[in-house]
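I have placed the structure first, in the form of structure tokens, so that the comments after it can refer back to it.
Number of protein chains: 2
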Amino acid sequence: MKRKYVYFFSKKHSDGNKEMKNLLGGKGAGLAEMASIGLPVPAGFTITTEVCDLYYKNNRQYPAGLDKEVDENMRRLEKEVGKKFGDAADPLLVSVRSGAPLSMPGMMETILNLGLNDRSVAGLAAKTGNRRFALDAYRRFIMMYGSTAKGIDREEFNHAFEMLKSQRTRQRLHLPSHVKVSDTDVNDVELEELVKEYKAIYKRNIGKEFPQDPREQLWGSVDAVFGSWMAEKAVTYRRVEKIKGVVGTAVNVQQMVFGNMGAKSGTGVCFTRDPNSGENTFYGDYLVNAQGEDVVAGIRTPIKLSEFEKADPKSYKQLVDVRRILERHFKDMQDLEFTVEEGRLYMLQCRTGKRSPASSFRMAVDMVHEKLIRKEDAILRIKDKDIEGIFYPIIDPDQKDEMKRNFLVSGIDAVPGAACGKVVFNAKDAESAAAKGEMVILVRKETSPEDVGGMHAAQGILTATGGKTSHAAVVARGWGKCCIVGCEKLNINYEKEELSVGDIVVKKGEEITLNGSTGQVYRGALRLIKPEPPASFKTLMSWVDKTRAIKVRTNADTPYDAAKAVELGAEGIGLCRTEHMFFDTEERRLAIQEMIVADTLPGRIEALARLLPFQKEDFKGIFKAMNGFPVTIRLIDPPLHEFVPHTEEKQIQLADKIGVPFEKVRLRVEQLHEANPMLGHRGCRLCITYPEILDMQVRAIIEAACECSAEGVHVFPEIMIPLTIDKKELQILENRTRQVADAIIREKKVKLKYLVGTMIEVPRAALLADQIAEVAEFFSFGTNDLTQMTMGISRDDAGKFLPDYVDEKKAGVFADDPFQSLDQAGVGMLVKMGIEKGRRTKPGLKIGICGEHGGEAKSVEFCCRAGMNYVSCSPFRVPIARLAAAQAEIKKNMAKTPAKKAAVKKAVKKAKPAKKGKKK
Amino acid sequence: MKRKYVYFFSKKHSDGNKEMKNLLGGKGAGLAEMASIGLPVPAGFTITTEVCDLYYKNNRQYPAGLDKEVDENMRRLEKEVGKKFGDAADPLLVSVRSGAPLSMPGMMETILNLGLNDRSVAGLAAKTGNRRFALDAYRRFIMMYGSTAKGIDREEFNHAFEMLKSQRTRQRLHLPSHVKVSDTDVNDVELEELVKEYKAIYKRNIGKEFPQDPREQLWGSVDAVFGSWMAEKAVTYRRVEKIKGVVGTAVNVQQMVFGNMGAKSGTGVCFTRDPNSGENTFYGDYLVNAQGEDVVAGIRTPIKLSEFEKADPKSYKQLVDVRRILERHFKDMQDLEFTVEEGRLYMLQCRTGKRSPASSFRMAVDMVHEKLIRKEDAILRIKDKDIEGIFYPIIDPDQKDEMKRNFLVSGIDAVPGAACGKVVFNAKDAESAAAKGEMVILVRKETSPEDVGGMHAAQGILTATGGKTSHAAVVARGWGKCCIVGCEKLNINYEKEELSVGDIVVKKGEEITLNGSTGQVYRGALRLIKPEPPASFKTLMSWVDKTRAIKVRTNADTPYDAAKAVELGAEGIGLCRTEHMFFDTEERRLAIQEMIVADTLPGRIEALARLLPFQKEDFKGIFKAMNGFPVTIRLIDPPLHEFVPHTEEKQIQLADKIGVPFEKVRLRVEQLHEANPMLGHRGCRLCITYPEILDMQVRAIIEAACECSAEGVHVFPEIMIPLTIDKKELQILENRTRQVADAIIREKKVKLKYLVGTMIEVPRAALLADQIAEVAEFFSFGTNDLTQMTMGISRDDAGKFLPDYVDEKKAGVFADDPFQSLDQAGVGMLVKMGIEKGRRTKPGLKIGICGEHGGEAKSVEFCCRAGMNYVSCSPFRVPIARLAAAQAEIKKNMAKTPAKKAAVKKAVKKAKPAKKGKKK
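Chains A and B are the protein sequences, given in the same order.
In terms of this note's numbering, the first sequence is residues 105 to 1024.
In terms of this note's numbering, the second sequence is residues 105 to 1024.
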């Protein structure tokens, strides 16, 4: 069957509807839908996005038969309107607008008044009895066509108009030089002159006369719309916004209506509710006696809707009716464009309105209370960005100019939010400045565990290297601290204590501002604001918690983070990293370093013994914060070289403090160097080599648990062995763990249950999960490392090539950065195998995820489908994970009713309004 | 049913047979078998290895009922022999010997004459009419029991004997001081004195009288045998020789026969064929009038068998008959121990004889020609070590003392063979010394591609870090060049140009010798010898090639290596690494470095254009060497930082030569630094970022192929894309490859077929092999990297912990180093998945392996079973792979006949003689 390329819409009949966004674009589908429910929409037709796709696939050739189909629809439009396209006496004029499935800046904007030429302008003048209006429409059309469709610099047209106004019009009206000549001062004679001048400009630039054939005008405009799909601005926008799988834009050709026919005419944009507060009030702007482009151009200041009501209550009344009809119809807040032509309202666009994060919650909750939508719809409608938006500070958006002026450089948006402070270049400076109450931004080439103290003290972190799961990003995310990484243009000079970007130099102590949500860095201190979660947030999240089927835990290493996470809804700790604890104080640091440098077992045991009380205290604090919830504690994981100093100066200091020769420290550090530390001597391999570390850590955990338990705290420790690759390896460590733990429990005479399980983070562990499950009491998928190894990509080095892999314009191999959103095809296959095999051995095996993916919506959905018991993520991602888990559950339930599958798919894909006729 | 712990053997009846080696040990099974085929074996019984196992499992307690079973067998022995154990008048004397399933030095040796005591020694004297003999037997027994079973220093006994000889005997015989007193000079009176003295030594050391109860003597000896199983020497031997799965040793108790009863008595060891040359001649030593221990002690020089024949033709004749019977029975060369007691031959041991590598081939081929075995048996009998042994130079084994004296340090035996030369510490020195004709050993902490020239120039390579698949090992193996890596005790000081081990310092220019087969390093120059492959090698390998079903290719990067590999039987190149070519000359190095430093596309293209002719010439040479065989060429693989200099000095030089500022070079090198280069910007990721590199390489390959083809060379290029992780990624590069290649082919008007395929070396590629096979025309499993990523183990860093994982005494997680022998459970699962999924998409998909495993016997067998089309390995491993492939095929065919399965299993497991009654 021949594909249909053109869809007609009018009050009488519309070929399309609102479900056809992908084919007709957002604007086209909205117009078709509005027309079909009887709203006043000027008739017209839409050329589909598929044509755009075919156009590019076929080397910028249109599919056969398109011209015929356009002609047919034009004839249908003429019939509907009762005017002829190109008619000299009473011409049918049309607008041509682009309209992609998603709102997409950077593409061709509107061309109005198309169909005018030297002859029909006279007909229009006669028909409307308004020669000035007709000439004004013509000169606008020439300018729009010339600039928008043909790429002539609009300034040339503006300049000619200015010259006309400042010379001929000013002269004619004898205006003094300090009075500005307004557009409306120009008369028809002058406009006629201007039209001539515009046509001359056109010819000078294009080398041809301005086209008089309306059909040529039309195709020129259609070409321009499709051409703009691949314009750099549009491509960049799609890349930045990660818009994929959209094949092209549609073109909308629509009968012109005129908002510039006098005081009873005008044009406006409005939202059916307040997009900032979310309040259920009508919100928008109106410009009397104007065409749409005047609003955009910002030449005149529009009036509020309340003033519109006063000025033209009849027209306003029509608009209020439309508002009511559309909200009821679409069951969501709509963003509308309209024109009033001599007292008659015409709708030119309707689409789901963008809104602030806080108002997303308010609208969703209000609409449930108004019985417009169901709770499930409300939950599906919230996006992770909405949650981020109500927790993290942001740069006050009123500072647009300052932001433009002070923009310094752009990196990878690792942790959202904003921060500002004085630049420091090392952790020590950050800590001492913070101790003095100063706000600082820690700027490093990269961070390491040694920097953690300084990172914590800083307001925000900026690094020159690394990706979203680099050390800096992971640690900062755990704290919800603004962080920008992989800022490759940043040149950091530690000796001079300055950073530079090109010629711009920022010295230590100068202020900068980070926008972690976009990755942008600014010089100077911009004003920050901190949003407060609205009351509706709490309501919605209570629905979320009732809906979801899997638990949400947190990754937390301190009592503070643990408490914070519980506040944010965490139901346990899925990953407590014990190694960060070694850096908390000088004393701890020294003990671990001495342990590493020691070359005898007694030496190591002695140093470890000094760490024991610290770790125990940390665990007690965490157990107390998590009273009643399980706490998964991972034994030491990073390679030992992460704990020792790497500069000669610091090595000398260390040697001094622990009383060994410098050379010994230096040699040990050199010995510890690894070519690929990620695949090196780390994880449980350390405990195979140095079981005394395991002994100390297990002792600290179990003693802490026993003591808390004696104080009445409900403790559920889960000891987790990292980097397991073999059942026998795990068996050795599990045995040793139980020996240490059981002896303490017997000695303390406490009733304490604990589990011993493992991370599944090496491909081999997933492949052999059936064997490993014979020993492990739980699995926790460490998908950060599992992704690195399964894909062979080091997250610290990925910045050099992974962006190209995710960039559709470059290689476009992956839809998402696999360190942000789980690679479901590859890594996900191993996760599913691991779960399936693990449960084959132990049907009730408790399984969770503790990688960064545990806080990312699509990955959480995957974990739900794969049958995990919980996800775990950093405290600030807990609400996002809760939401994602609930959304996953809703989708699962919807999918269970096969009849609804298609509907679900759509609803889900777009997180769009609820279906027609569905009631609670 | 009760387990049987003791197995009796005698001419009349034997409980065991030769198949029961695991239970009875090698010695016990041999004795039982010889007895049962009617050979003269003194009767006796064997306590099984299972008893040893139970003894250790049960805290050094024997299983219940063992003592009763031993008593029963002792009574049976008494009955058979007609003497009583402990009888004062005519005592039954026995020997007690250990005997594990495998020959195992370090365990308890023989105790002879057990059963003698103060009373029975008189009975023995009376019975034999030889008081001196009886007393001599008794004093020997006390010494052996005291030292061997009870751990008394044998020197104490020797000293007492020496004192006796040098004082009393010398006095009695009035011997002058320069004449040595011989053992046989000592008379019965003196011996009686000596027995007293020995018993006193015993009491002094043990605190108890020498046991007079023969039963106590017996159990003391049995305890000692089982105790020696866990003696440090034995445990170390098993670890070093990688002997696993052997549960314990057996104990053999056997009636004594006496080789020391006069001129018609004696004892000897012999081989049924010459173990050095492999010649079918009788080979051995005989000692007249001696007990076995005299042979071992080396006190007297034995005579050759030919002299034995002359001296005692009757006894010799008996031995020749036994030789004939045993070879026909066991169908393999046997290693025999025997004793002649007053003209009667007794067999004390028979086992398959160890032989030199060259003689392995000769014997196997001869026995086929003699119709003793089938060709398949001959093939199964050859070991990979045999092949290694006939290709690599070795240290002349006559230098045992020098080796002991000059031993310096021990590392990991990366590439077998031996090398000696002057120490140099950098590649440049190696090259310039080699240019002057000097032999050098390159000593480095680790090597990198920059060192390749120097590595090639050196006789051998020694590194302080790295494992068997580190850069040094892999590159050296490709050349069959002696290499020792991971020599962690080695302290290298580049500035001082010296290495040290503890206090010993070796300076640049001093000589050292490497034994790459053992990993041992010696100071000074030891004499090397180079074996020559015997004629029988060629014969056997021709059978091998007719037998095997899969192809054997080679990994070769130069025309020289390619030609060498063809000589060694390679049938194509499975992996030609193109990056080594970049280091061949200064000019090439500069071009690649300039390409890397260039920050514009034209700059890179220009630098690459200079590399093109070099690569093309290399490929032409390789194609010519491989005329008629396929050549798989891998596009650039290592990360770019491997190509640039890392010292400031060299960076300044580079900057100078290519005319860019030093700072630019420095910055670029810094930018290229990676945290985990193994998982970094390398492999096909480079061609995604810099497609111009692919363009140049494909052009070089295809132009070379076209030109060779025009010269009449048969060229089959297979272009291989490394590190693929996704179908789309491969698709992009495959498209580009074909565009470049097809254009050249069209232009040159040559008929050329080429394939485009990929390495499967990242877990994700194996998981998604079905998708990747939609694009790839062949797969080559890169199991080095696949192992690293699947197991999460960096081969360069594994030296720190992997040895513990493979050491049974430590963690013992893995049976083999997974970088040597493929981890079949984990990595192998991915390989099988990859093959299965790949062929599901493309049933005829050509699949091979090009990792180091392609030259390791067990891994090759796995590849055959998994259905690969070929394996590929370094040139010197080609014969080993050919052999392994043939052996795998034979095992597969044998396994196909279900009835034979059990027999096959045994035959195969032990690579032992063919089955009884099986004829060609």
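Cβ atoms here follow ideal geometry from the backbone N, Cα and C, with glycine treated the same way.
Computed from a predicted structure; not experimentally measured.
For the segment 875-899 of chain A, the beta-carbon criterion of a distance under 9 angstroms to any beta-carbon of chain B is satisfied by Gln875, Asp889, Gln892, Met893, Thr894, Met895, Gly896, Ile897, Ser898, Arg899.
For Thr793(B), the neighbours in chain A by C-beta distance under 8 angstroms run, in chain order, Lys904, Phe905, Asp908. Residues of chain A with a Cβ closer than 9 angstroms to the Cβ of Met933(B) are, in chain order, Arg868, Leu871, Leu872. Scanning the segment 939-1012 of chain A for uninterrupted beta strand (DSSP E) segments of 3 residues or longer gives 950-953, 974-977, listed from N- to C-terminal end.
With the criterion set as a beta carbon lying under 7 angstroms from some beta carbon of chain B, the members of the segment 777-804 of chain A are Glu778, Ala779, Asn780, Pro781, Met782, Leu783, Gly784, His785, Arg789, Ile792, Thr793, in sequence order. Going by DSSP, Glu441(B) is part of the beta strand (DSSP E) stretching over 438-445. In this structure, Val373(A) and Leu206(A) do not form a Cβ contact; the two beta carbons are roughly 18 angstroms apart against a cut-off of 8 angstroms. For Asn659(A), the uninterrupted beta strand (DSSP E) run begins and ends at 655-659, by DSSP. Taking 9 angstroms as the threshold, the shortest C-beta distance from Val648(A) to chain B does not fall below it.
Fully enclosed beta strand (DSSP E) runs of no fewer than 3 residues occupy 354-359 of the segment 283-363 of chain A, in order along the chain. When secondary structure is reduced to three states using DSSP, Lys724(A) falls in the helix class. Relative to the Cα of Gly952(A), the nearest Cα in the group Gly930(A), Glu774(A), Val879(A), Val735(A) belongs to Val735(A). Taking a C-beta distance under 9 angstroms as the contact criterion, Pro379(A) and Ile494(A) do not qualify as a contact pair. Within the same chain, Met685 come within 6 angstroms of Asp722(A) by CB-CB distance, once the 5 residues on both sides are set aside.
Contact of Glu480(A) with chain B is not assigned, every C-beta pair being separated by 9 angstroms or more. Of the candidates Leu834(B), Met208(B), Gln843(B), Met208(B) places its Cα closest to the Cα of Ser332(B). Taking each of Ile848(A), Asp874(A), Phe883(A) in turn and checking the Cα distance to Val860(A), the smallest one comes out for Phe883(A). The criterion of a C-beta distance shorter than 9 angstroms is satisfied by Tyr450(B) and Val361(B).
Using a Cβ distance threshold of 9 angstroms, Met212(A) and Ala328(A) count as a contacting pair. According to the DSSP assignment, Val609(A) belongs to the beta strand (DSSP E) that extends over 608-611. Chain B has no Cβ within less than 9 angstroms of the Cβ of Ala226(A). Under the DSSP assignment, Thr153(B) falls outside any beta strand (DSSP E), being part of the alpha helix (DSSP H) whose first and last residues are 153-161. If you draw a 10 Å sphere on the C-beta of Tyr974(B), you find 16 or more other C-beta atoms in it, and that means buried. According to the DSSP assignment, Gly227(B) belongs to no beta strand (DSSP E) but to the alpha helix (DSSP H) extending over 224-232. At the C-beta level, Trp647(A) and Ala482(A) come within 9 angstroms of one another.
Taking a Cβ-Cβ threshold of 7 angstroms, the residues of chain A close to Ala915(B) are Ile792, Glu833, Ile836, in chain order. For Asp175(B), the secondary structure class from DSSP, reduced to helix, strand or coil, is helix. Looking only at Glu778(B), Cys680(B), Ala394(B), the smallest Cα-Cα distance to Lys904(A) is reached by Glu778(B).
When Cβ pairs closer than 8 angstroms are counted between the two stretches, the segment 604-621 of chain A is seen to touch the segment 526-536 of chain A, the count reaching three or more. For Gly352(B), the closest C-alpha among the options Arg842(B), Phe718(B), Thr153(B), Asp830(B) is that of Thr153(B).
For Phe918(B), the nearest beta carbon of chain A is closer than 9 angstroms to its own beta carbon.
For Arg272(B), there is no enclosing beta strand (DSSP E), since its DSSP letter is neither H nor E. One alpha carbon belongs to Gly233(B), the other to Phe412(B), and they sit about 26 angstroms apart.
In chain B, no part has a C-beta under 8 angstroms from the C-beta of Leu926(A); the shortest such distance is about 13 angstroms. From the beta-carbon of Gly930(B), the residues of chain A found nearer than 7 angstroms are Arg868, Leu871, Leu872.
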